[in-house]
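A.B. asks: First, the structure itself, so that you have it in front of you.
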Amino acid sequence: MDPKDSSASAAVTGRLDADMTLMRLSREMRRRVRSRMPLSDVLRELGERMAADAVLLFVPGCRLRMAAGVREKELSITVASEFDALVARLTVQEDGTDLMPRIVQGEDPPAACRLVVVPVDAGSGRIPAWLAFARELGAPRFDTWSSALAQVQAMRLAPRLIRELDHDTGHLSHAGLRTVVAHRAVDAGALVLLDLDGLRTINHTQGVPMGDVAIRVLARLLAPPLLPKNSFVARVEGGKFVVLLPDRDADYGVRVAGKLQRVLEEVEVRDHPDLPKLSFSAGVATYSFPGEPFERTLLAADHVLRLAKERGRARIETQQLNDASLIRRVDEDFVAADLREALRSGELELYAQPIVALREHRHPMGFELLLRLRGEENVEGTASRLVNVAQRNHLLPMLDRYVVDRAFSILAPHRALLAAQRATISINVSGASLGDPEFTTHFIEQLKASQLSPGCIVVEITEQVALTDTARAGEAMRRLRAAGCGIAIDDFGTGANSLAYVHQLPVTRLKIDGSFIKDIITNKRSEAAVRGIVQLARDFVLQTVGEHVETREQAAFLRRLGVDFGQGYLFGRPEPLDDAIRSLKDRNGITTTTWGKMFGTVG
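Numbering (the numbering used here), first residue to last: 1 to 603.
So, in structure tokens, the structure goes:
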């Protein structure tokens with residue numbers, strides 16, 4: 001073969017190999033960029049692919065800047081200074097034509113390190129961001145192939161960056177704001193949450209395009225000189241914007257919001273003379289990261305903003321640090337957000353608390369199922385708080401269905417053990433679910449599919465639910481009872497007309513409210529109430545359970561009054577349902593009498 005042909009063939013082969021490598025790296029990075037990996041980690045991986053020492057992402061329009069060392073290297077002083085100089089040039093530059101793309105080797109013009117700078121174009125016809133890779137001067141030079149790879153990586157990064165930016169306004173998106181906070185671009189300062197007044201009215205009366213004009217008018221004001229140069233702005237939804245003012249206090253945030261308010265009121269849009277005078281309401285809070293979760297600060301500002309809206313248009317309200325009601329509402333919103341996420345991701349855990357027979361040879365132990373957010377310690381407190389928050393946020397039906405599905409999936413493989421032990425498993429059901437025929441049908445279908453023995457499952461409802469809608473509750477209870485479930489009334493004795501609904505409903509068990517148990521030894525009224533409940537249960541052939549039993553004396557007293565079962569810390573704290581079943585296997589030979597002797601409840 002002619003040497004020239006051989007050389008040409010080798011060159012073509014080399015280019016093909018390079019192209020194949022480029023395509024492979026591109027596919028790998030596309031998978032990485034689309035993943036849920038934090039943007040900072042994505043940038044580090046991009047830097048590793050480039051064999052760079054550091055990487056920089058900069059978005060001039062919203063001042064998003066992320067710089068990081070690669071391969072666990074710290075950002076060197078020389079690279080950091082060169083990044084600062086690059087950012088300064090890009091900040092004042094009207095367009096990016098003189099830097100599209102560019103390789104700087106450090107010699108001409110002089111630079112502190114080697115750079116590859118490429119635009120990240122999201123297809124909007126403008127340059128929204130810049131991506132830069134750096135190597136120390138002693139490292140190998142960047143070549144043309146490096147520039148090509150950098151451009152490919154920039155193209156793959158663009159879709160991810162779209163999620164970080166709001167292209168209607170040029171500011172950060174909610175996701176982009178979280179990226180700024182996570183990257184510790186801000187540590188402490190003031191947070192101003194602004195919301196246009198009357199945007200819905202504009203949309204309805206003049207059309208959504210006019211509403212978009214109003215949003216853009218406010219968005220254009222949220223920039224220097226009306227805001228400090230180190231501020232961050234994000235559009236979180238509709239006409240609502242977050243302004244972070246690093247190293248500032250709440251009073252400064254109020255002054256900034258007031259200045260913006262005055263300027264906005266004077267704005268006239270010549271192309272849209274029908275646009276009404278605009279105003280916004282604002283809530284101001286202070287933040288300190290990482291000491292306080294960002295979303296908590298945002299929730300606090302949102303509550304203050306709602307207060308401003310309630311008091312009229314164009315108001316600015318400030319978070320009061322000692323406002324107990326605000327703190328309580330923010331805490332509840334946090335729990336509700338955690339609950340929604342836990343329902344989505346399956347992070348809710350089922351715990352079981354034992355229910356123990358107080359009288360000899362009556363019945364083996366059972367369990368009541370409780371809910372816990374993974375990571376919470378106080379299971380009983382968490383369970384009641386979750387139910388209360390779920391009720392106020394209309395999440396109870398989702399919560400009930402989650403518990404039912406999860407419980408039967410865990411219990412079904414152990415049907416033989418539960419049948420041999422004659423153990424009962426109590427599942428709490430809310431009034432909202434009990435009044436839904438579809439939920440009852442789903443419950444019965446899950447019960448049949450599990451093949452658990454009749455009587456194994458006890459459905460618990462509160463006395464308040466039974467009293468509120470006896471007709472609808474009764475219909476659901478009768479269906480569940482016909483399917484083989486027991487029916488327990490929780491917190492029994494606290495409501496009125498107990499005799500009436502016990503007579504009407506297919507109840508099998510009464511759970512005596514813990515308020516009667518805690519002072520039953522010393523309070524004659526509590527003793528009389530429990531005696532009356534026990535007599536009622538005997539007349540209707542119902543089981544009784546004493547709740548919140550904490551001492552041997554209480555357990556012995558309840559036994560003498562004729563209460564069948566006890567539940568409380570005396571007999572065991574809640575434990576994961578899987579562990580409770582494992583313990584049940586280990587206790588396979590323990591009798592009820594043994595349980596009584598263990599806790600001193602058998603005389």
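Yeah, the Cβ is synthetic: ideal placement off N, Cα and C, and Gly gets one too.
1) Please name the residue, chosen from L411, L157 and V208, that lies closest to D578 on a Cα-to-Cα basis.
2) Quick check: R374 and E341, are their CB atoms within less than 8 angstroms of each other?
3) Tell me which same chain residues have a C-beta within less than 6 angstroms of the C-beta of G546, skipping the five on either side of it?
4) So is R71 buried or exposed if we call it buried at 16+ other beta carbons inside 10 Å?
5) Does the separation of the CB atoms of R488 and R509 fall below 8 angstroms?
6) My parser needs the beta strand (DSSP E) runs of 3 or more residues fully inside the region 473-530; what are they?
7) What is the DSSP secondary structure of F133, reduced to helix, strand or coil?
8) What separation, rounded to the nearest whole angstrom, lies between the Cα atoms of M66 and A129?
9) What first and last residue would you give for the beta strand (DSSP E) that runs through T318?
10) Look up E48 in the DSSP assignment and say whether it is helix, strand or coil.
11) Give the DSSP-derived three-state secondary structure of D579 in the structure shown.
12) I need the straight-line Cα distance from R531 to L561, nearest angstrom please.
13) Based on the DSSP secondary-structure assignment, which residues constitute the bridge partners of P621?
14) Mapping the DSSP letters down to three states, classify K585 as helix, strand or coil.
15) Assess, as a yes-or-no matter, whether the region 223-236 is touched by the region 271-288 under the definition of 3 or more beta carbon pairs within less than 8 angstroms.
16) Could you tell me whether the Cβ atoms of I316 and L369 are closer together than 8 angstroms?
17) Taking 8 angstroms as the cut-off, decide whether the C-beta atoms of A139 and V117 are in contact.
18) Taking the C-alpha atoms as reference points, what is the distance between E575 and L452?
19) Thinking C-alpha only, which one of H503, L584, A580 and C485 is nearest A420?
20) Assess, as a yes-or-no matter, whether the region 537-551 is touched by the region 517-529 under the definition of 3 or more beta carbon pairs within less than 8 angstroms.
21) My output table needs one value for I209: the three-state DSSP class, helix, strand or coil.
22) Comparing C-alpha positions only, which one of P246, R525, L570 and I581 sits nearest to G493?
23) In whole angstroms, what is the alpha-carbon distance linking Q353 and T179?
24) What would DSSP say about M365, mapped onto helix, strand or coil?
25) Is the beta carbon of F408 sitting closer than 8 angstroms to the one on L447?
26) Identify which residue in V213, G207, I202 and G258 has its Cα closest to the Cα of L227.
27) Roughly how many angstroms separate the alpha carbons of H414 and M398, rounded to a whole number?
28) Roughly how many angstroms lie between the CA atoms of D586 and A416, to the nearest whole one?
29) Could you compute how far the alpha carbon of V256 sits from the alpha carbon of G239?
30) Mark E463 as exposed unless 16 or more other C-beta atoms lie within 10 angstroms of its C-beta, in which case mark it buried.
31) What is the residue span of the alpha helix (DSSP H) that P437 lies within?
32) Closest by CA to D251, which one among V284, A150 and G207?
33) Using 8 angstroms as the cut-off, can you tell me whether the region 43-62 makes contact with the region 77-86, which would need three or more C-beta pairs spanning the two stretches below that distance?
34) If you check the beta carbons only, do V217 and V263 fall under 8 angstroms apart?
35) Report yes if the C-beta distance between D490 and I457 is below 8 angstroms; otherwise report no.
36) What residue range is occupied by the uninterrupted alpha helix (DSSP H) comprising P159?
C.D. replies: In this structure, then:
1) Considering only L411, L157 and V208, the residue with the shortest C-alpha distance to D578 is L411.
2) Going by C-beta atoms, R374 is not nearer than 8 angstroms to E341.
3) Excluding residues within five positions, the ones whose Cβ falls inside 6 angstroms are I512, I517, L558, V563 and G566.
4) It is exposed - the Cβ of R71 has fewer than 16 other Cβ atoms within 10 Å.
5) In the sequence under discussion, the amino acid at residue 488 is Ala, which differs from the Arg named in the question. Result yes, Cβ atoms of A488 and R509 sit closer than 8 angstroms.
6) Fully enclosed beta strand (DSSP E) runs of 3 or longer: 486-492 and 509-512.
7) Of the three classes helix, strand and coil, the one that applies to F133 here is strand, per DSSP.
8) Those two C-alpha atoms are separated by around 11 angstroms.
9) From DSSP, the beta strand (DSSP E) with T318 extends over I316 to T318.
10) Helix at E48.
11) Three-state DSSP puts D579 in a helix.
12) Cα to Cα, R531 sits roughly 6 angstroms from L561.
13) Beyond the ends of the chain as shown, which are 1 and 603, falls residue 621; an answer cannot be given.
14) K585 sits in a helix when the DSSP states are folded into three classes.
15) With a cut-off of 8 angstroms, the region 223-236 and the region 271-288 do not count as touching, because too few Cβ pairs lie within range.
16) In this structure, L369 does not lie closer than 8 angstroms to I316 by Cβ.
17) For A139 and V117, no; Cβs fall outside 8 angstroms.
18) Spanning the alpha carbons of E575 and L452 requires a straight line of approximately 22 angstroms.
19) Ranked by Cα distance from A420, the options H503, L584, A580 and C485 are led by L584.
20) Between the region 517-529 and the region 537-551, the count of C-beta pairs closer than 8 angstroms reaches three or more; the two stretches touch.
21) In the sequence on display, residue 209 carries Pro and not Ile. Helix, per DSSP.
22) Comparing Cα positions, the closest option is R525.
23) CA-CA distance, Q353 to T179, rounds to 42 angstroms.
24) Note: M365 maps to coil in three-state DSSP.
25) In contact: F408 and L447 (Cβ atoms closer than 8 angstroms).
26) Residue nearest to L227 within the set V213, G207, I202 and G258 is G258 (criterion: CA-CA distance).
27) Their Cα atoms are separated by approximately 25 angstroms.
28) Approximately 14 angstroms, taken between the alpha carbons.
29) So the alpha carbons of these two residues sit roughly 18 angstroms apart.
30) Burial of E463 is indicated by the presence of at least 16 other C-beta atoms within 10 angstroms of its C-beta.
31) Counting along the chain, the alpha helix (DSSP H) containing P437 begins and ends at P437 to S450.
32) For the residues V284, A150 and G207, the minimum Cα distance to D251 belongs to V284.
33) Under the Cβ criterion (8 angstroms, minimum of three pairs), the region 43-62 counts as touching the region 77-86.
34) No, Cβ-Cβ distance for V217 and V263 is not below 8 angstroms.
35) 8 angstroms or more divides the Cβ of D490 from the Cβ of I457.
36) Per DSSP, P159 is one residue of the alpha helix (DSSP H) stretching across T144 to E164.
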